[in-house]
Amino acid sequence: MTMQPLLQVKAISKEFPVYQGQVFKKKTYVTQAVKSVSFDIFKGETFGLVGESGCGKTTVCRAILQLTPLTSGAVFYKGNCLSGMAKKELRKVRRHMQIVYQDPFASLNPRTKVRDIIGEPLVIHKLTQNRSEYKDRVEAMMTMVSLNPAISGRYPHEFSGGQRQRISIARALTVNPDFLVLDEPVSSLDVSIQAQIINLLEEIREKFSLTYLFIAHDLAVVHHISKRVAVMYAGEIVEIADRQNLYGNPSHPYTKALLAALPIPDPQASYKDENAMLQGGNGVMEHHAGCKFYVRCPARRHLCQVKKPVLKKVNQHDHMMACHLGES
Amino acid sequence: MKNRTLYLGLIIIAALLVVMAAAPQIAPHDPEAQDLYHVLEGPSEKHLLGTDDVGRDLLSRVITGTRPTLLIGVLSTLFSGIIGVGLGLVAGYKGGAIDMAVMRVTDAFMSLPVLVVTLALVAIFGSGMQSVIIAITLVNWTGFARIVRGEVLHTREFVYVEAARAMGASGLRIIFYHLLPNVMGPIIVTASIAIGGNIMIESAVSFLGLGAQPPLSTWGNELRIGYAYLEVVPLFSIAPGLLITLTVLAFNFIGDGLRDAFDPRISQTFNKSKEK
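Protein chains in written order, with numbering that gives the first Met the number 0: chain A, 0 to 327; chain B, 0 to 275.
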C-alpha cells in the first residue's frame, strides 16, 4: 500500500546565472543553488529540512510555492503539477499552501494594521461575506495564536519579534490551508520565545491536521518537531530518514559533523569535546565531478572526487544517504 | 511639532483658497483698469501696494492672480503625478522589458524642453492655461516616474511583498496595497516641491506671452514684469515673489505633514509624546 503524498518534489533544480562585465554582460557560469532535489511529504507529517546557511533551503521552499521559476524538475501538490499551472489556477491553489517567513520584521507590511494583515488572505480569496464575519474570523485567529484581539488596530512595529511571528502564523492560517511551509520560523527569536512558538505550531498542527515543511539550521529544533528529516548540503540532499534513525544513527559524514557541532550544555564537557569542526568553504563553487562535500569531508578518498554519490537506501528503513562510505 | 507645521500649511492654503474664491469682492480696484497718469507709483492709501507700468492696482492684480497661479501649480502637479506614479509603479514592479520600455519613453520625454512643448501646444490649442498645464504635465511626469520606479525596485524586495504573492494576491493588489503606501513618502515630497516649480515654469511661459494672456495676471507674470522696475517699485515683483514663496512653503509643510501621517511609525511616536 502506498499512500499518495500531499506534496511531491521531483528532481527540482535551480540555477542562478552569474554575469560579469560592466557594459557587455556575459554569462560566465551558473551557481547551482538547488540540484536535483526530490522528496515526498505525506499528509499530517512534519518534514524537517536542515542545512547550513546558503545550502539552498530557502530556494527549495520558494520553488515549492512557485515564487521562483525552476530550472528543471516539477512540484506536485495533491497530484497536480504546479510548475506549468496558469496564473489564475495557481492563485487558487495558493490558498491551500501558506508560508511563515524567517524574519518577522520584514514579512509584515509596515503600513498595514494587524487586523488587515491577518485578514488579507480572506480578502484575496473573497472568503468572507461581510465586515463582521471578517472581524470575527480575524479575532478568532488572534485568540488562537494567543494575541489579544483588542490590539488588532495596531501596526507591526509596535510588536516584539515573537508577537510578530504569531501574527505571521495567524495570517497563514486564516484561510484554513492544508500545507504550511515554515522557513526558519524561530531562528530569529530568543530561545525562550522559540519554545513557545514551536509549541504553538505543534498545537495548531494537531488541531487542524496540518502538514508542515519545517526548514531550519538548528538540529535540536528540528528534532523536536519533525517526523522525517532531510539534510541538505550545497544544494543537494545528502541524507534523508526518520527522526529516530537520523539522530540515532547518522550515516553521512556531514550529518555526523552537524550533530557533533550541537552545543553541549556543560562547559567542561564541551571543552573536552574533540569532534572535528568543519573547516573551509562549503564547496558550492567547486567544480569537480565528485561529491560536493569532498573538500571538508573527514572520510574522503579518491573515489569521492571523481564519482558523484547518489541517494540510496542504507538500511531496511527508508533511510537514504548519498555517500560512497561503506562501498568498496 | 510635526503636526503643527501641517496645520500651518493647511491654514495658509485655506486662506489662499478663500482669496481665490472671493477675489472679485476683495480686490479694491478693477485689476484691469489702467490709469496712465499714475504708473509705477509706490504704496499709497489708494493703492496699498502701488501701481504697475500701466497704472493698474498691484494689490488687485496679485489677488486676482491667485486663481490661475494655484490652478496651474496644482493641476499640472496632479496630472503629472498620476501619470508618473502609475508608470513608475508598473515599470518598477514588472521589471524586464516593460521597465526598459517605460524608462526609455521617460528619457525621451525628459529631453523635451518645456518652452518648446508649450510652443507646439499653443500652436495646436491656442495660448492659454490649458496649453500650459498640458505642457508642464508632459514634461514633469518623468520625475515622478523615475522616483517611484526607484523606490519600487527597493520596496518590492521586501519579504512582505513576496508574502503577498505567496498568499495569492494579484499584481494589481500588490501594486496598490503593498507598494504604493510604502512609496508614498517620496511621492508627496516630490509633489510639494513640484507645485512651486510649476508655478515658476508658468511665469517663464507667461513671460514669453505663451501662458495666461494679458490682461489676466498670474504671480509669475507679475514677478517677471516687475523685475524690470525693481529699483523704482520694489513691491511690484517682491509682493508676488513673497506669495509664491509662501505658497511653496505651505505646500512643503503639508507635504512633510502628510508624509509623516502616512507613516504609522512616525505619526504614532508623535501621538505618544503628546499623551505624556
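Beta carbons: idealized from backbone N, C-alpha and C, even for Gly.
What does residue i pair with, by DSSP beta-bridge criteria?
{"i": "residue 226 (chain B)", "result": "DSSP lists no partner for residue 226 (chain B)."}
{"i": "residue 19 (chain A)", "result": "A:25"}
{"i": "residue 56 (chain B)", "result": "B:50"}
{"i": "residue 98 (chain A)", "result": "A:180"}
{"i": "residue 6 (chain A)", "result": "A:40 and A:76"}
{"i": "residue 206 (chain A)", "result": "Looking at the DSSP assignment, residue 206 (chain A) forms no beta bridge with any residue, so it has no partner."}
{"i": "residue 312 (chain A)", "result": "A:319"}
Quick check: what's the CA-CA separation for residue i versus residue j?
{"i": "residue 229 (chain A)", "j": "residue 296 (chain A)", "result": "19 Å"}
{"i": "residue 250 (chain B)", "j": "residue 217 (chain A)", "result": "53 Å"}
{"i": "residue 314 (chain A)", "j": "residue 172 (chain A)", "result": "38 Å"}
{"i": "residue 196 (chain A)", "j": "residue 43 (chain A)", "result": "19 Å"}
{"i": "residue 211 (chain B)", "j": "residue 15 (chain A)", "result": "58 Å"}
{"i": "residue 225 (chain B)", "j": "residue 253 (chain B)", "result": "29 Å"}
{"i": "residue 73 (chain A)", "j": "residue 255 (chain A)", "result": "30 Å"}
{"i": "residue 214 (chain A)", "j": "residue 59 (chain A)", "result": "10 Å"}
{"i": "residue 50 (chain A)", "j": "residue 221 (chain A)", "result": "11 Å"}
{"i": "residue 101 (chain B)", "j": "residue 189 (chain B)", "result": "20 Å"}
{"i": "residue 299 (chain A)", "j": "residue 324 (chain A)", "result": "9 Å"}
{"i": "residue 180 (chain B)", "j": "residue 187 (chain B)", "result": "11 Å"}
{"i": "residue 311 (chain A)", "j": "residue 162 (chain B)", "result": "36 Å"}
{"i": "residue 143 (chain B)", "j": "residue 221 (chain B)", "result": "29 Å"}
{"i": "residue 166 (chain B)", "j": "residue 126 (chain B)", "result": "52 Å"}
{"i": "residue 150 (chain B)", "j": "residue 184 (chain B)", "result": "10 Å"}
{"i": "residue 201 (chain A)", "j": "residue 2 (chain B)", "result": "47 Å"}
{"i": "residue 182 (chain B)", "j": "residue 29 (chain B)", "result": "46 Å"}
{"i": "residue 82 (chain A)", "j": "residue 8 (chain B)", "result": "54 Å"}
{"i": "residue 40 (chain A)", "j": "residue 139 (chain A)", "result": "29 Å"}
{"i": "residue 20 (chain A)", "j": "residue 172 (chain B)", "result": "37 Å"}
{"i": "residue 184 (chain A)", "j": "residue 147 (chain B)", "result": "32 Å"}
{"i": "residue 234 (chain B)", "j": "residue 50 (chain B)", "result": "9 Å"}
Give a yes or no on whether 8 Å exceeds the smallest Cβ distance from residue i to chain B.
{"i": "residue 82 (chain A)", "result": "no"}
{"i": "residue 326 (chain A)", "result": "no"}
{"i": "residue 107 (chain A)", "result": "yes"}
{"i": "residue 102 (chain A)", "result": "yes"}
{"i": "residue 210 (chain A)", "result": "no"}
{"i": "residue 123 (chain A)", "result": "yes"}
{"i": "residue 66 (chain A)", "result": "yes"}
{"i": "residue 295 (chain A)", "result": "no"}
{"i": "residue 98 (chain A)", "result": "yes"}
{"i": "residue 16 (chain A)", "result": "no"}
{"i": "residue 183 (chain A)", "result": "no"}
{"i": "residue 138 (chain A)", "result": "no"}
{"i": "residue 120 (chain A)", "result": "yes"}
Does any C-beta atom of chain A lie closer than 8 Å to the C-beta of residue i?
{"i": "residue 92 (chain B)", "result": "no"}
{"i": "residue 260 (chain B)", "result": "no"}
{"i": "residue 167 (chain B)", "result": "yes"}
{"i": "residue 182 (chain B)", "result": "no"}
{"i": "residue 185 (chain B)", "result": "no"}
{"i": "residue 161 (chain B)", "result": "yes"}
{"i": "residue 23 (chain B)", "result": "no"}
{"i": "residue 157 (chain B)", "result": "yes"}
{"i": "residue 172 (chain B)", "result": "yes"}
{"i": "residue 153 (chain B)", "result": "no"}
{"i": "residue 103 (chain B)", "result": "no"}
{"i": "residue 177 (chain B)", "result": "yes"}
{"i": "residue 3 (chain B)", "result": "no"}
{"i": "residue 164 (chain B)", "result": "yes"}
{"i": "residue 145 (chain B)", "result": "no"}
{"i": "residue 66 (chain B)", "result": "no"}
At which residues does the beta strand (DSSP E) containing residue i begin and terminate?
{"i": "residue 215 (chain A)", "result": "210-215"}
{"i": "residue 178 (chain A)", "result": "178-182"}
{"i": "residue 227 (chain A)", "result": "227-232"}
Residue i lies in the alpha helix (DSSP H); which residues open and close that run?
{"i": "residue 259 (chain B)", "result": "234-261"}
{"i": "residue 241 (chain A)", "result": "Looking at the DSSP string, residue 241 (chain A) is not in any alpha helix (DSSP H); the run it does join, the beta strand (DSSP E), is 235-241."}
{"i": "residue 130 (chain B)", "result": "128-154"}
{"i": "residue 223 (chain A)", "result": "218-224"}
{"i": "residue 103 (chain B)", "result": "95-109"}
{"i": "residue 124 (chain B)", "result": "113-124"}
{"i": "residue 303 (chain A)", "result": "301-305"}
{"i": "residue 249 (chain A)", "result": "From DSSP, residue 249 (chain A) is part of no alpha helix (DSSP H); its letter is neither H nor E."}
{"i": "residue 27 (chain B)", "result": "First-last for residue 27 (chain B): undefined, no H or E at that position."}
Within the 8 Å Cβ cut-off, does residue i reach chain C?
{"i": "residue 154 (chain A)", "result": "Given the protein chain composition of this structure (A and B), no chain C is represented."}
Could I get the ranges of all uninterrupted beta strand (DSSP E) runs contained in the region 10-92 of chain A, with 3 residues as the minimum, in chain order? 25-40, 45-49 and 71-76
Please give me, in chain order, every unbroken run of the alpha helix (DSSP H) with length at least 4 that falls completely inside the region 105-166 of chain A. 113-123 and 130-143
Quick check for students: name the residue ranges of the beta strand (DSSP E) that lie wholly in the region 165-223 of chain B, counting only runs of 3 or more. none
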